[in-house]
Amino acid sequence: MNNQEIFKNYIAGEWIEGSSVAENINPSDTRDLIGLYARASKNQIDLAIAAAAAAQPLWASTTPQQRFDILDGVGSEILARRAELGELLAREEGKILAEAVGEVVRAGQIFKFFAGECLRTTGDLLASTRPGIDVEVTREALGVVSIVTPWNFPIAIPAWKIAPALAYGNAVVFKPADAVSASAWMLSEILSRSGLPAGVFNLVMARGRDVGDSLVVDPRIAAVSFTGSEGTGRHIARTCVERPGTMAKFQLEMGGKNPLVLLDDADLDIAVNCALNGAFFSTGQRCTASSRLIVGRGIHDAFVEKLCARLQSLVVGDARDPATQMGPVVDATQLRQDLDYVEIGKQEGAELVFGGMAQPEIAGQPGYYMTPALFIGTSNGMRINREEIFGPVASVIKVDGLEEAVAVANDTPFGLSAGIVTRSLKSASFFKKQAQAGMVMVNAPTAGVDPHVPFGGRKASSYGAREQGQYAVEFFTTVKTSYINS
Numbered sequence: 066m067n068n069q070e071i072f073k074n075y076i077a078g079e080w081i082e083g084s085s086v087a088e089n090i091n092p093s094d095t096r097d098l099i100g101l102y103a104r105a106s107k108n109q110i111d112l113a114i115a116a117a118a119a120a121q122p123l124w125a126s127t128t129p130q131q132r133f134d135i136l137d138g139v140g141s142e143i144l145a146r147r148a149e150l151g152e153l154l155a156r157e158e159g160k161i162l163a164e165a166v167g168e169v170v171r172a173g174q175i176f177k178f179f180a181g182e183c184l185r186t187t188g189d190l191l192a193s194t195r196p197g198i199d200v201e202v203t204r205e206a207l208g209v210v211s212i213v214t215p216w217n218f219p220i221a222i223p224a225w226k227i228a229p230a231l232a233y234g235n236a237v238v239f240k241p242a243d244a245v246s247a248s249a250w251m252l253s254e255i256l257s258r259s260g261l262p263a264g265v266f267n268l269v270m271a272r273g274r275d276v277g278d279s280l281v282v283d284p285r286i287a288a289v290s291f292t293g294s295e296g297t298g299r300h301i302a303r304t305c306v307e308r309p310g311t312m313a314k315f316q317l318e319m320g321g322k323n324p325l326v327l328l329d330d331a332d333l334d335i336a337v338n339c340a341l342n343g344a345f346f347s348t349g350q351r352c353t354a355s356s357r358l359i360v361g362r363g364i365h366d367a368f369v370e371k372l373c374a375r376l377q378s379l380v381v382g383d384a385r386d387p388a389t390q391m392g393p394v395v396d397a398t399q400l401r402q403d404l405d406y407v408e409i410g411k412q413e414g415a416e417l418v419f420g421g422m423a424q425p426e427i428a429g430q431p432g433y434y435m436t437p438a439l440f441i442g443t444s445n446g447m448r449i450n451r452e453e454i455f456g457p458v459a460s461v462i463k464v465d466g467l468e469e470a471v472a473v474a475n476d477t478p479f480g481l482s483a484g485i486v487t488r489s490l491k492s493a494s495f496f497k498k499q500a501q502a503g504m505v506m507v508n509a510p511t512a513g514v515d516p517h518v519p520f521g522g523r524k525a526s527s528y529g530a531r532e533q534g535q536y537a538v539e540f541f542t543t544v545k546t547s548y549i550n551s
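Numbering-wise, this note's numbering comes out as the position in the sequence shown, counting from 1, plus 65.
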């Protein structure tokens, strides 16, 4: 099962060896080496930026139909290979096969959506206050965009950044998370055969701590689109603003501590299903995960009992096994962080009513497994309710009524997603208006957004224009106003 092939970086239309290689290990079976992936040096980052800067003007001058054909073809190939790419994603990242295939489908749909956007870019023709003058407002490409993506959605998040960047005429330098190089490489291999001119798209695989600043400080970089930790996002923001010469535009998605409110009038089955999906599917490794379950006093005990019963029957195992309902966490570092937070919760006085233990192996396979963890008796001031854990760990906070629930839900530095389960249209409407979040779900899990609608949050969760859908044009283009004296 060990693949000794070295997968190279893609720079200026060529596959290039790196300065070193990294092993890509299957978290479901740590004996399984997926492959060796080249790590780019800072000099190779510079080569990629130079190639993108040289190729971008020609790419921006292509017709909308040419860009449509290329992006639509990429989307079609991704969809045609959904089973193959989904199995690789599950093997590499650890989400179960059904979720992995679903993510691949989403990536294909995103490329097809932005293929259509190539043909839908609009402008405005305005009347001037002066006679004989016309005013034209148009959108233009930014130039070179560096794209830095996380490991939890290794093909969907790159797709929803790369596709609009290319659709609107930009060139791309793409650095995926080190832990998920395989999915990024496969997407890049598809793009390498798509008809893109050499240099328009470049893949540089490396650790962020080694080369991260190189993708931000270079004056040839016009914009940076980043998804990852809040600390790194803040560093990117400072660097983009303070770099000598021209500032860079930046777009940041930095996580969440998302509340799911379950009112006393909630349908208990819907409440449990939403909590189970939002908190524990994808092994809780989603920035939109429901890590804070804010539960009305009247249903608290019944909800906890029923959720624990569902967790008891949840099958944890190899991500590629069709019977598995929750796979491993992504790597040893993440497993250690998750288990550390379980101990922090205990020390803070929370009651661990289910799970929270490492499982060194399942069915004879060594992997990064843990049982899903559920705390009760927690308060919103505890660290487990303030800090993003990014694993299968959820806390129950007991409240009295809608107004207290909303206050607790909003008492967080983050504001990505929020949900409510209720039978009351009035309560749902109140929550939808009052929730300090970029996305609100009613009687649905906090995780799960369609590929054609805007994605993003408020407060420390996000900065800059929204991702996905028609709103992506706001980040990946710049507006030009022209005056014409006729």
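C-beta: ideal position from N, C-alpha, C; glycine also.
Proximity to F239 [Cα-Cα], best of D111, I549, E408, D97: Checking every option, the nearest Cα to that of F239 belongs to D111.
*asked:* Here's a check: name, in chain order, each residue in its chain whose Cβ is nearer than 6 Å to the Cβ of T203, leaving out the five neighbours to either side.
replied: For T203, where only same-chain residues beyond five positions count, the Cβ hits under 6 Å are G188, K545.
**Asked** In terms of alpha-carbon separation, which member of G138, V514, I359 lies closest to L439?
**Response** It is I359 whose Cα lies nearest to the Cα of L439.
Among the candidates I212, L191, G78, whose CA atom is the shortest distance from the CA of I549? With distances taken between Cα atoms, I549 lies closest to L191.
Start and end residues, alpha helix (DSSP H) containing N450:
First-last of the alpha helix (DSSP H) with N450: 448-451.
*Measuring alpha carbon to alpha carbon, tell me which of I135, E152, P215 ends up nearest F176.*
The candidate whose alpha carbon is nearest that of F176 is I135.
- Message: As an exercise, report each continuous beta strand (DSSP E) stretch of at least 3 residues that is fully enclosed by the region 172-242, in chain order.
- Response: Secondary structure in the region 172-242: the beta strand (DSSP E) runs of 3 residues or longer, each lying completely within the stretch, are 189-192, 198-206, 209-213, 236-240 in chain order.
Closest to G361 by C-alpha separation, out of R531, K498, L325, Q316, would be which residue?
The option with the nearest alpha carbon to G361 is L325.
query = How long is the line joining the alpha carbons of K314 and M506, rounded to whole angstroms?
reply = Roughly 30 Å separates the two Cα atoms.
I301 to P241, Cα distance in whole Å?
Pairing I301 with P241, the inter-Cα distance amounts to about 16 Å.
> Whose C-alpha, out of L400, L280, N108, is nearest the C-alpha of S84?
Replying inline: Answer by Cα proximity: N108.
message = On a Cα-Cα basis, can you pick out the residue from R104, A428, V209 that is closest to R274?
response = Residue R104 is the option with its Cα nearest to R274.
- Item | Identified DSSP bridge partners for Q56 | Here the chain has residues from 66 to 551 only, and residue 56 is not among them.
| query | How is Q412 classed by DSSP in three states: helix, strand or coil? | reply | Under the three-state reduction of DSSP, Q412 is assigned to helix.
### Same chain, Cβ closer than 8 Å to S492, neighbours up to 5 away in sequence not counted
For S492, same chain residues with a beta-carbon under 8 Å away, outside a window of 5 residues either side, are L328, D330, L467, I485 in chain order.
Exercise. Excluding sequence positions up to five away, which residues of its chain have a Cβ less than 6 Å from the Cβ of V213?
Worked result: Hits under 6 Å: K240, F291.
In the DSSP assignment, the beta strand (DSSP E) including A483 goes from what residue to what residue?
Boundaries of the beta strand (DSSP E) harbouring A483: 482-486, taken from the DSSP string.
For this session: Specify the secondary structure class of T304 as computed by DSSP and reduced to three states.
Result: In the structure shown, the three-state DSSP call for T304 is helix.
- Message: Tell me the rounded alpha-carbon separation between L404 and A228.
- Response: So the two alpha carbons sit approximately 37 Å from each other.
Close beta carbons around V394, own chain, < 7 Å, minus the five adjacent residues each side: Correct list, in chain order: P92, G159, T348, Q350, L400, D403, Y433, M435, G456.
| query | Whole alpha helix (DSSP H) runs in the region 308-346 with 4 or more residues, listed along the chain? | reply | Listed in chain order, the complete alpha helix (DSSP H) runs (minimum 4 residues) inside the region 308-346 are 333-345.
| Sufficient close CB pairs (3 or more, under 8 Å) joining the region 145-153 to the region 117-125 | The region 145-153, when compared against the region 117-125, does not touch it at the 8 Å Cβ threshold.
- Item | Inter-stretch contact (C-beta, 8 Å, three-pair minimum) for the region 283-299 and the region 205-224 | Yes, they touch.
**Asked** Shortest alpha-carbon distance to A384 belongs to which of T304, E532, P431?
**Response** Per the Cα distances, P431.
So L333 and A367 are supposed to be a Cβ contact under 8 Å. How far apart are they, rounded? Yes, L333 and A367 are in contact; Cβ-Cβ is about 6 Å, under 8 Å.
- Could you have a look at L150 and say whether DSSP puts it in helix, strand or coil? Looking at L150 - three-state DSSP - the assignment turns out to be helix.
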